[in-house]
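Numbering (the working numbering), first residue to last: 1 to 751.
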């Protein structure tokens with residue numbers, strides 16, 4: 001461009017010069033000056049054109065350079081991010097809304113933990129109690145706010161939502177089928193669900209989490225990831241505990257959330273049914289990083305975890321869309337591989353057992369080395385705080401408050417009044433912390449594990465007894481020199497004489513319970529075993545014990561389900577069969593009735609029928625003990641009967657039982673004893689136990705290989721007058737001093 005201007009300029013100069021030479025001598029000086037300017041006007045035009053051309057060329061060159069250096073990448077970035085210059089960057093995730101439905105506080109804790117993790121990424125997060133949220137007015141707003149909604153929900157009794165989530169779930173269920181809302185009411189809502197449940201409750205395991213997931217999907221909500229399921233059953237939990245299950249899910253959720261915040265989308269066209277079954281486009285490096293981030297102890301049983309029906313359907317649709325077709329010539333190879341895999345699974349390892357699970361019908365490989373410990377770190381922490389001394393992986397021992405009381409000479413428990421137990425020489429323990437019920441009046445507030453069969457690692461009975469006695473003695477030694485502790489009782493307390501297998505859980509579940517009982521007797525320790533009447537076969541196979549208890553907390557099917565909340569589906573037939581099994585025993589047997597005011601005190605006729613079924617030697621009737629407020633129970637002080645109310649109930653019940661009468665009373669424990677009239681000899685009650693005689697009888701029974709049997713009447717002893725019903729002492733041993741604790745928190749631990 002510049003060269004072109006120079007050529008024109010040189011041409012004009014040559015022409016002008018020749019014209020000037022021809023006319024120079026023909027004009028005057030004045031005219032010559034003017035004419036000179038006139039004739040040289042082209043020089044001026046050319047100079048102006050040259051200056052303008054140079055200026056324009058430089059300007060264009062500088063503009064092009066600046067555009068390629070600065071504006072070019074900026075425009076590219078704007079196009080890449082689908083943005084316009086001068087506007088703020090697009091926000092893909094505005095925040096995370098975490099909803100929780102919790103009964104015992106576990107789901108609430110998980111929600112808060114997840115909130116802290118999200119905030120650490122720089123993304124706003126809010127934790128919301130479902131009872132404080134109006135889904136009818138607010139949930140639809142989440143569809144357009146670019147937020148992600150997380151639902152951490154627990155399943156409560158009978159598969160129902162927790163109390164704080166009832167209204168939210170009810171609204172969600174009705175909206176999902178209400179034509180007035182429409183199928184696209186929550187279109188645009190991005191959500192994830194983590195459910196908490198217990199796989200022991202087979203019929204409604206994680207029901208609430210599954211339903212919330214399903215209802216949101218029915219309203220066109222979009223899953224951002226697969227539903228997570230936390231299992232409180234440590235045996236079946238994929239990661240060992242509900243806490244570990246949540247941790248594994250949380251890692252995956254955080255990875256997914258980071259991807260959403262960066263604007264990453266699914267690789268499919270968005271037409272898949274679930275919105276969550278498609279896979280992201282990831283590099284091999286990203287896949288490896290996610291595998292490293294996932295917990296390494298994740299079970300191989302992930303494929304066995306049941307998913308919602310819509311997920312299954314989506315999988316079929318995806319397969320149809322992807323056009324997965326197996327050639328006929330490859331079918332033989334596939335079948336051979338399947339047979340080989342099946343044979344390898346069936347023959348895997350020595351000492352392993354493939355069995356059909358009663359719970360879910362899935363074949364599982366079992367090995368003692370692969371079984372998990374019953375006491376998880378979370379359970380250990382909770383039980384230790386309650387004063388338990390844990391033994392091995394599934395046992396525990398605890399010092400009863402009546403042991404402490406009798407060491408000080410302040411009276412013993414009702415077993416001392418009814419049966420002559422020396423409370424300061426009684427060890428309260430259990431070889432199984434697990435239980436098959438979740439009773440509303442549980443002293444432990446359900447911190448112990450639950451189960452319907454033994455699926456944990458098992459410690460030897462010898463080790464359990466040895467550690468239990470040692471830990472019990474260590475707790476007794478702590479009272480040495482304590483003001484008020486009697487020296488003679490302190491020395492006696494170090495020698496364990498009685499064992500109350502009623503601490504917590506279901507001792508009869510322990511597979512070596514018979515070995516444990518024999519060991520107790522070999523050490524001259526009496527045995528008092530309590531069972532919840534859900535294991536009739538174990539009761540029948542039980543060796544003779546000093547006294548065998550069955551808890552009869554209700555007399556009808558509905559009230560038993562309401563009070564004991566059993567895990568077994570066939571809990572009522574098991575309950576009745578357990579009572580029949582108790583009636584087959586020749587040694588001392590006891591029904592333990594716990595009265596819960598406004599729940600079971602009106603079932604008089606039904607109770608009498610159950611007593612006729614099992615024909616127990618004794619019936620203990622005790623008012624329920626209030627153990628403080630618990631989110632796992634709706635029990636209040638209003639459900640605790642007064643002692644006079646218990647007495648009235650017992651009198652009415654005894655009048656309906658022709659072979660029974662009221663024998664003893666322990667007013668301090670709000671407890672009375674109904675005894676069979678065979679223990680009334682010559683008008684005097686013989687409810688106490690001759691412990692030395694029992695040890696002789698059980699030793700003879702063992703030495704004869706079970707041929708030489710004995711009955712309850714063979715080791716009974718006379719009941720002292722102060723222990724009898726109607727006595728002035730009301731069951732308090734006059735050898736001790738009654739101590740009234742005032743303005744102190746009541747200690748409700750112990751049996």
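C-beta atoms are modelled at their ideal positions from N, C-alpha and C, and glycine is treated no differently. Since we're looking at a predicted model, the values are computed, not measured.
Please list, in chain order, all residues of the same chain as residue i whose beta carbon is under 8 Å from its beta carbon, the five residues on each side excluded.
i	result
residue 520	465, 499, 526, 527
residue 471	389, 391, 397
Report the three-state DSSP secondary structure of residue i (helix, strand or coil).
i	result
residue 190	strand
residue 669	helix
residue 131	helix
residue 403	helix
residue 439	coil
residue 174	helix
residue 108	helix
residue 151	strand
residue 676	strand
residue 536	helix
residue 509	helix
residue 522	helix
residue 395	strand
residue 413	coil
residue 136	helix
residue 527	strand
residue 551	strand
residue 161	strand
residue 330	Its pLDDT being 46, under 50, residue 330 is placed unreliably by the model, and nothing is read from it.
residue 707	coil
residue 380	helix
residue 739	coil
residue 390	strand
residue 696	helix
residue 429	strand
residue 734	coil
Quick check on this structure: which residue in the options has the alpha carbon closest to the alpha carbon of residue i?
i	options	result
residue 707	399, 543, 402	543
residue 181	147, 150, 668, 135	135
residue 752	400, 393, 407	An answer regarding residue 752 cannot be provided, because it is not within the stretch 1 to 751 covered by the chain.
residue 144	478, 185, 649	185
residue 774	236, 187, 131, 714	This structure cannot settle anything about residue 774, because the visible part of the chain is limited to 1 through 751.
residue 657	616, 624, 691	616
residue 215	196, 239, 178	178
residue 476	491, 484, 139	491
residue 429	411, 388, 462	388
residue 709	46, 462, 141, 694	694
residue 614	533, 541, 682, 662	533
residue 551	678, 574, 641	574
residue 578	478, 536, 91	536
residue 592	702, 623, 728, 509	623
residue 90	118, 264, 105	264
residue 255	378, 121, 686	121
residue 718	678, 461, 701, 737	678
residue 210	194, 586, 107	194
residue 732	665, 524, 653	665
residue 668	703, 704, 723, 690	723
residue 262	704, 146, 483	146
residue 439	563, 478, 479	563
residue 236	107, 371, 725	371
residue 105	36, 119, 129	129
residue 125	224, 96, 149, 700	96
Excluding the five sequence neighbours on either side, which residues of its own chain have a C-beta within less than 6 Å of the C-beta of residue i, listed in chain order?
i	result
residue 155	197, 206, 207, 208
residue 204	159
Could you round the C-beta distance between residue i and residue j to whole angstroms and report it? I think they count as a contact, below 8 Å.
i	j	result
residue 433	residue 481	32 Å between Cβ atoms; not a contact.
residue 418	residue 673	5 Å
residue 176	residue 219	6 Å
residue 241	residue 376	5 Å
residue 530	residue 510	Their Cβ separation, rounded to whole angstroms, is 13 Å, which puts residue 530 and residue 510 out of contact at 8 Å.
Keeping to the same chain, check which residues put their C-beta closer than 7 Å to that of residue i; ignore five residues upstream and five downstream.
i	result
residue 697	710, 714, 715
residue 739	410
residue 201	567
Looking at chain B, is there any beta carbon in it that lies within less than 8 Å of the beta carbon of residue i?
i	result
residue 226	You won't find chain B in this structure, because it holds only one protein chain.
Would the C-beta of residue i count as close to the ligand ATP, meaning under 7 Å from any of its heavy atoms?
i	result
residue 587	No copy of the ligand ATP occurs in the structure displayed, which carries no ligand at all.
Residue ranges of each beta strand (DSSP E) within the segment 213-268, 3 or longer: 228-231
Continuous alpha helix (DSSP H) assignments of at least 4 residues falling wholly in the segment 555-615: 557-564, 571-583, 604-614
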